[in-house]
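J.: According to my numbering, the stretch in the sequence shown is residues 5 to 168, in order. Glycine included, C-beta positions come from ideal geometry on N, C-alpha and C. Next up is a structure, given as structure tokens.
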Amino acid sequence: MVSKILVSACLMGHAVRYDGRAKPLVHPAIGRWMQEGRLVTICPEMSAGMPVPRPPAEIADAAGGEDVLAGKARVMELTGGDVTDEFLQAADDAVRLAVANGCRYALLIDGSPSCGSGFIYDGSFSGNRRAGSGVTAAALRQAGVEVFSDRDIDRLVEQIGRTD
Ligand code: SF4
Numbered sequence: 005m006v007s008k009i010l011v012s013a014c015l016m017g018h019a020v021r022y023d024g025r026a027k028p029l030v031h032p033a034i035g036r037w038m039q040e041g042r043l044v045t046i047c048p049e050m051s052a053g054m055p056v057p058r059p060p061a062e063i064a065d066a067a068g069g070e071d072v073l074a075g076k077a078r079v080m081e082l083t084g085g086d087v088t089d090e091f092l093q094a095a096d097d098a099v100r101l102a103v104a105n106g107c108r109y110a111l112l113i114d115g116s117p118s119c120g121s122g123f124i125y126d127g128s129f130s131g132n133r134r135a136g137s138g139v140t141a142a143a144l145r146q147a148g149v150e151v152f153s154d155r156d157i158d159r160l161v162e163q164i165g166r167t168d
């Protein structure tokens with residue numbers, strides 16, 4: 005059986021981002037993986053019931069997704085709302101879907117407080133990046149799923165080429 009890939013819905017062209025837009029990833033592997041039945045699409049935040057559009061959110065105090073999972077950090081909206089519980093639900097939904105479908109890999113858009121896997125923002129809403137993961141990406145890694153950012157799609161192509 006082919007290895008399956010959990011993929012961020014916004015990368016697949018779904019207009020589910022906080023600003024009501026998509027961020028489609030254009031790469032020849034996407035169409036091929038779709039035909040092969042490898043892709044399992046989710047927007048974790050929408051799965052947790054968050055609306056589109058929604059206020060931008062960041063993990064507070066320069067913490068990371070692992071800190072949120074450990075109960076040591078919060079996820080806050082620019083408008084002051086605490087959406088930690090929604091982000092934890094989002095991560096849980098993504099892990100459940102990945103496990104239910106036997107996803108060995110995840111391909112997630114970078115920078116998001118949910119899906120980021122290489123960098124996130126530092127909670128100051130001033131555009132400052134820090135290395136780290138969003139809540140969903142951290143939860144998937146803890147569940148044994150190998151997470152790749154959209155910028156790393158060529159590495160995932162190589163990995164899949166080596167394994168199946
Ligand atoms: S939660 Fe993930 S899939 Fe949903 S809009 Fe944000 S980055 Fe895209």
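From Glu62 to Gly138, what distance separates their C-alpha atoms?
T.: Counted from its first residue, the sequence shown places residue 62 at position 58. Counted from its first residue, the sequence shown places residue 138 at position 134. Between Glu62 and Gly138, the C-alpha separation is close to 9 Å.
J.: If you measure from the CB of Arg21, is any heavy atom of the ligand SF4 nearer than 7 Å?
T.: By 1-based counting over the sequence shown, the position of residue 21 is 17. Under cutoff, so the answer is yes.
J.: Considering only the alpha carbon of each residue, which of Gly115, Gln163 and Ser121 lies closest to Gly131?
T.: In the sequence shown, counting from the first residue as 1, residue 131 sits at position 127. Closest option to Gly131, Cα to Cα, is Gly115.
J.: Quick one: what does DSSP say Thr83 is sitting in, helix, strand or coil?
T.: Counting from 1 along the sequence shown, the entry for residue 83 is found at position 79. DSSP places Thr83 in coil when its eight states are reduced to three.
J.: Using only the heavy atoms of the ligand SF4, determine whether one of them is closer than 7 Å to the beta carbon of Met80.
T.: Against the sequence shown, residue 80 aligns to sequence position 76. No, the beta carbon of Met80 sits no closer than 7 Å to any heavy atom of the ligand SF4.
J.: Does the segment 94 to 102 touch the segment 120 to 134, meaning 3 or more C-beta pairs lie closer than 8 Å?
T.: no
J.: Under the DSSP definition of a beta bridge, which residues are partnered with Cys107?
T.: Working through the sequence shown from its first residue, we reach residue 107 at position 103. Paired residues: Lys8.
J.: Determine the burial state of Leu82: buried for a count of at least 16 other Cβ atoms within 10 Å of its Cβ, exposed for fewer.
T.: Taking the sequence shown and counting its residues from 1, the one referred to as residue 82 is at position 78. Counting Cβ neighbours within 10 Å, Leu82 comes out exposed, since fewer than 16 surround it.
J.: For Glu40, list the residues DSSP reports as bridge partners.
T.: By one-based count along the sequence shown, residue 40 stands at place 36. According to DSSP, Glu40 bridges with nothing at all.
J.: For Glu150, which residues in the same chain have their Cβ closer than 8 Å to its Cβ, ignoring the five residues on either side in sequence?
T.: For the purposes of this step, residue 150 is taken as residue 146 along the sequence shown, with counting starting at 1. Arg108, Tyr109, Ala110 and Gln163.
J.: Which residue from Ser51, Arg159, Arg42 and Ser118 puts its Cα closest to that of Pro60?
T.: Looking up residue 60 in the sequence shown gives position 56. The option with the nearest alpha carbon to Pro60 is Ser118.
J.: I'd like to confirm something about Pro28: is its beta-carbon nearer than 7 Å to some heavy atom of the ligand SF4, or not?
T.: Sequence index remark: in the sequence shown, residue 28 carries index 24 (1-based). No, the beta carbon of Pro28 sits no closer than 7 Å to any heavy atom of the ligand SF4.
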